[in-house]
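Reading through the structure tokens given below for one structure.
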Amino acid sequence: MQRNDFYSNGQSLASVSPSPSPAAPRLGFRHVHAAMAAAAASISLPRVSLPPAARPTAGFRRGLPIPGRRGYLRLRGSPAAPVAAAAGSPSVPSPSPGTGSGIGDALGGVAIYSAATGEPVLFRDLWDQNEGMAVVALLRHFGCPCCWELASVLRDTKERFDSAGVKLIAVGVGTPDKARILAERLPFPLDSLYSDPGRKAYDLLGLYFGIGRTFFNPASVKVFSRFDSLKEAVKNYTIEATPDDRASVLQQGGMFVFRGKELIYARKDEGTGDHAPLDDVLNICCKTPAA
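By UniProt numbering, the letter at position 113 of the sequence shown is numbered 113, and the numbering carries on one by one without gaps.
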């Protein structure tokens, strides 16, 4: 199964063509802007030495390759390339396994850390691997204002998940102490919050990573339609929840629903603030639309 078949973007597990995003409205938000600017400023980009373009010689003929020119153009045209190299992670998702290739088994062996205890725990130990239903929400990182908003929505919906017998599992990039900052200040239930400092689950699921997706993706304009929700969520926000590994702020998240080991819903965020529609998630796991 191809990668586009694996992700549903909130509709189905069939391939879906992305729709064009509307132009961003001229709205500002000081909390979000300041947090993102600080995060971007804290990322150290390596010095990249560009190979000199070859000078034409007497033997130069039209159609022959010019050494170095292709590399020069690629570096100038792709600002995410140096950061991806510095972070040791691809700027686009790696190939993702299909629903029939044991993604539940693969994810089950990944260890994350409990925000409550700081101890490692395997994904497969978090819900019944036979018939249990789980919503696994991968936040970007604990210092992302948009992730505070998503976490607040999940927190407010947790009672509905519980009543339907669905286990809510929220995972963020960072250490358990960073997770506890979000849990205490938002607040968010500690027993549903986990950290993945090495981004192992994110890599396994092929989620996006890079500067373009984080700061310049058109899908991020959706956040302006949730201005009031975002403003409420970040009233106790602190940038101290940002991972010490600043390259981690370039990670994007996603939403996944499992029935036992079977993946029945998968959506990766196209950009910062581009979260899965809650109605879609509830319709899959709880069979009722959001109120």
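Heads up, the beta-carbon is just placed ideally off N, CA and C, and yes, glycines get one too.
Here the structure is a predicted model, which means the values were calculated and not measured.
query	result
If you reduce the DSSP assignment to three classes, tell me which class residue 216 lands in.	coil
Which of the three DSSP states, helix, strand or coil, is assigned to residue 119?	coil
From the DSSP output, in three-state form, read off residue 210 for me.	coil
To which residues of the same chain is residue 369 closer than 6 Å at the C-beta, ignoring the five residues directly before and after it?	In this structure the chain extends from 1 to 291, so residue 369 is not present and cannot be described.
On a Cα-Cα basis, can you pick out the residue from 272, 146 and 158 that is closest to residue 208?	272
Tell me the DSSP bridge mates of residue 257?	135 and 265
How about residue 300 and residue 189: do their beta carbons lie closer than 8 Å?	Absent from the structure is residue 300, since the part of the chain shown begins at 1 and ends at 291.
For the segment 208 to 221 against the segment 124 to 138, are there 3 or more C-beta pairs whose distance is under 8 Å?	no
Between the alpha carbons of residue 147 and residue 277, how many angstroms are there, rounded?	14 Å
Let me know the secondary structure DSSP gives residue 234 once reduced to three states.	coil
Going by Cα to Cα distance, which pick from 183, 257 and 233 is closest to residue 284?	257
I'd like the list of long-range same chain contacts for residue 161, defined as Cβ closer than 6 Å, with 5 residues on each side in sequence excluded.	168
Does the segment 183 to 198 come close enough to the segment 109 to 123 that 3 or more CB-CB pairs lie under 8 Å?	yes
Taking the beta strand (DSSP E) that residue 114 falls in, what are its first and last residues?	111 to 114
What span of residues does the beta strand (DSSP E) with residue 195 cover, start to end?	193 to 195
Does the Cβ of residue 275 have 16 or more other Cβ atoms within 10 Å, making it buried, or fewer, making it exposed?	buried
Which stretch, first to last residue, makes up the beta strand (DSSP E) that contains residue 222?	Taken as a continuous stretch (DSSP letters only), residue 222 belongs to no beta strand (DSSP E), as it is neither H nor E.
Here's the rule: buried if 16 or more other CB atoms are within 10 angstroms of the residue's CB, otherwise exposed. What is residue 235?	exposed
When we look at the beta-carbon of residue 196 and count the other beta-carbons within 10 Å, is it buried (16 or more) or exposed?	buried
How would you write the range of the alpha helix (DSSP H) that residue 104 sits in, first residue to last?	103 to 108
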